[in-house]
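Note sheet for the following structure.
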(Lines of atoms letter the chains of each structure in order from A and count residues from 1; the text may use other names and numbers.)
(Lines give C-alpha, C1' and ligand atoms only; values in the text may rest on other atoms or scores of the structure.)
Protein backbone atom coordinates (compact mmCIF):
# COMPACT_ATOMS: atom_id res chain seq x y z
CA UNK A 1 0.00 0.00 0.00
CA UNK A 2 2.83 2.43 0.75
CA UNK A 3 4.04 2.57 -2.85
CA UNK A 4 0.53 3.46 -4.04
CA UNK A 5 0.24 6.08 -1.30
CA UNK A 6 3.55 7.69 -2.30
CA UNK A 7 2.48 7.72 -5.94
CA UNK A 8 -0.84 9.33 -4.99
CA UNK A 9 0.98 12.00 -2.96
CA UNK A 10 3.38 12.83 -5.82
CA UNK A 11 0.54 12.95 -8.36
CA UNK A 12 -1.32 15.42 -6.15
CA UNK A 13 1.81 17.47 -5.47
CA UNK A 14 2.82 17.66 -9.14
CA UNK A 15 -0.70 18.80 -10.09
CA UNK A 16 -1.03 21.16 -7.08
CA UNK A 17 -4.14 19.14 -6.16
CA UNK A 18 -4.10 19.90 -2.44
CA UNK A 19 -7.23 17.88 -1.68
CA UNK A 20 -5.49 14.81 -3.12
CA UNK A 21 -2.33 15.52 -1.13
CA UNK A 22 -4.35 16.11 2.06
CA UNK A 23 -6.13 12.77 1.59
CA UNK A 24 -2.77 10.98 1.96
CA UNK A 25 -1.84 12.57 5.31
CA UNK A 26 -2.79 11.45 8.82
CA UNK A 27 -4.05 14.37 10.92
CA UNK A 28 -0.93 14.14 13.11
CA UNK A 29 1.59 13.57 10.28
CA UNK A 30 5.16 14.68 10.87
CA UNK A 31 7.17 15.69 7.82
CA UNK A 32 10.68 16.93 7.27
CA UNK A 33 12.31 18.37 4.19
CA UNK A 34 15.91 18.82 3.02
CA UNK A 35 16.19 22.18 4.79
CA UNK A 36 16.12 20.35 8.12
CA UNK A 37 12.74 21.82 9.04
CA UNK A 38 10.05 19.66 10.63
CA UNK A 39 6.31 20.14 10.11
CA UNK A 40 3.74 18.74 12.54
CA UNK A 41 0.15 18.12 11.50
CA UNK A 42 -1.70 17.95 8.22
CA UNK A 43 -2.09 21.72 7.74
CA UNK A 44 1.59 22.48 8.45
CA UNK A 45 2.68 19.81 5.96
CA UNK A 46 0.28 21.12 3.32
CA UNK A 47 1.60 24.66 3.77
CA UNK A 48 5.17 23.39 3.37
CA UNK A 49 4.17 21.46 0.24
CA UNK A 50 2.49 24.56 -1.19
CA UNK A 51 5.61 26.60 -0.50
CA UNK A 52 7.83 24.21 -2.46
CA UNK A 53 5.25 24.01 -5.25
CA UNK A 54 4.95 27.81 -5.53
CA UNK A 55 8.72 28.07 -6.03
CA UNK A 56 9.05 25.22 -8.53
CA UNK A 57 6.76 24.29 -11.43
CA UNK A 58 6.66 21.55 -14.05
CA UNK A 59 7.29 18.90 -11.40
CA UNK A 60 8.01 15.41 -12.66
CA UNK A 61 8.81 12.49 -10.37
CA UNK A 62 10.68 9.54 -11.91
CA UNK A 63 10.65 6.64 -9.45
CA UNK A 64 13.69 4.35 -9.49
CA UNK A 65 13.13 1.87 -6.63
CA UNK A 66 10.73 1.20 -3.80
CA UNK A 67 11.64 -0.86 -0.73
CA UNK A 68 8.96 -1.65 1.85
CA UNK A 69 9.32 -3.32 5.23
CA UNK A 70 6.28 -3.36 7.47
CA UNK A 71 4.79 0.13 7.52
CA UNK A 72 7.95 1.86 6.20
CA UNK A 73 8.75 2.52 2.54
CA UNK A 74 11.96 3.98 1.17
CA UNK A 75 11.91 5.32 -2.38
CA UNK A 76 14.65 6.57 -4.68
CA UNK A 77 13.53 9.02 -7.34
CA UNK A 78 14.53 11.88 -9.58
CA UNK A 79 12.72 15.20 -9.53
CA UNK A 80 12.70 17.53 -12.50
CA UNK A 81 11.33 21.02 -11.94
CA UNK A 82 11.67 24.63 -13.05
CA UNK A 83 12.28 27.46 -10.57
CA UNK A 84 9.53 29.87 -11.64
CA UNK A 85 8.76 31.44 -8.27
CA UNK A 86 10.61 33.09 -5.43
CA UNK A 87 12.32 30.87 -2.87
CA UNK A 88 11.55 31.82 0.73
CA UNK A 89 14.66 31.55 2.90
CA UNK A 90 14.60 30.71 6.64
CA UNK A 91 15.72 34.27 7.49
CA UNK A 92 12.72 35.75 5.64
CA UNK A 93 14.65 36.86 2.58
CA UNK A 94 13.57 35.72 -0.88
CA UNK A 95 15.61 34.49 -3.83
CA UNK A 96 14.12 35.53 -7.18
CA UNK A 97 13.07 32.95 -9.76
CA UNK A 98 15.82 31.81 -12.13
CA UNK A 99 13.50 30.06 -14.64
CA UNK A 100 16.06 27.24 -14.85
CA UNK A 101 15.07 23.58 -15.06
CA UNK A 102 17.07 21.00 -13.14
CA UNK A 103 16.89 17.27 -12.42
CA UNK A 104 18.06 16.01 -9.04
CA UNK A 105 18.20 12.69 -7.23
CA UNK A 106 16.28 12.33 -3.99
CA UNK A 107 15.21 9.77 -1.42
CA UNK A 108 12.06 9.61 0.64
CA UNK A 109 11.23 7.53 3.70
CA UNK A 110 7.55 7.24 4.53
CA UNK A 111 5.89 5.57 7.49
CA UNK A 112 2.19 4.79 7.29
CA UNK A 113 -0.60 4.05 9.72
CA UNK A 114 -4.16 3.13 8.69
CA UNK A 115 -3.19 3.67 5.01
CA UNK A 116 -2.19 7.29 5.67
CA UNK A 117 1.22 8.97 5.79
CA UNK A 118 2.22 9.29 9.45
CA UNK A 119 5.84 10.38 8.93
CA UNK A 120 7.45 11.59 5.71
CA UNK A 121 11.13 12.48 5.32
CA UNK A 122 12.66 13.74 2.06
CA UNK A 123 16.42 13.87 1.47
CA UNK A 124 18.40 15.49 -1.36
CA UNK A 125 21.66 17.34 -1.91
CA UNK A 126 20.66 20.97 -1.40
CA UNK A 127 23.98 22.36 -2.68
CA UNK A 128 23.55 20.54 -6.00
CA UNK A 129 19.95 21.75 -6.15
CA UNK A 130 20.92 25.39 -5.50
CA UNK A 131 23.73 25.16 -8.07
CA UNK A 132 21.52 23.44 -10.64
CA UNK A 133 18.83 26.10 -10.38
CA UNK A 134 21.44 28.85 -10.72
CA UNK A 135 21.06 30.13 -7.16
CA UNK A 136 24.68 29.33 -6.22
CA UNK A 137 27.71 29.50 -8.53
CA UNK A 138 29.03 26.18 -9.79
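Residue numbers (the working numbering): -13 to 124. All C-beta atoms in this analysis are idealised placements derived from N, C-alpha and C, irrespective of residue type, glycine included. Being a predicted model, the structure only gives us computed values, none of them experimental.
The residues 68, 69, 118, 119 and 120, in chain order, have a CB closer than 8 Å to that of residue 86 in the same chain once the five nearest residues on each side in sequence are set aside. The beta carbon of residue 103 lies closer than 6 Å to those of 10, 11, 15 and 96 in the same chain, with the five residues before and after it left out. The residue among 34, 55 and 110 with its C-alpha nearest the C-alpha of residue 76 is 34. From the listed residues 116, 0 and 89, the smallest Cα separation to residue 82 is found for 116. For the 7 Å CB-CB criterion, residue 61 and residue 122 do not form a contact.
By the 16-neighbour rule on beta-carbons within 10 angstroms, residue 80 is exposed. At the C-beta level, residue 29 and residue 48 stay beyond 7 Å of one another. In the structure shown, residue 114 adopts helical secondary structure according to DSSP, grouped into three states. CA-to-CA, the gap between residue 24 and residue 18 works out to about 4 Å. Linking residue 51 to residue 112 through their CA atoms gives a straight-line distance of about 21 Å. Residue 40 and residue 72 have their C-alpha atoms spaced approximately 8 Å apart.
The straight-line gap separating the alpha-carbon atoms of residue 108 and residue 94 is approximately 4 Å. Taking the CA atoms as reference points, residue -2 sits about 22 Å from residue 74.
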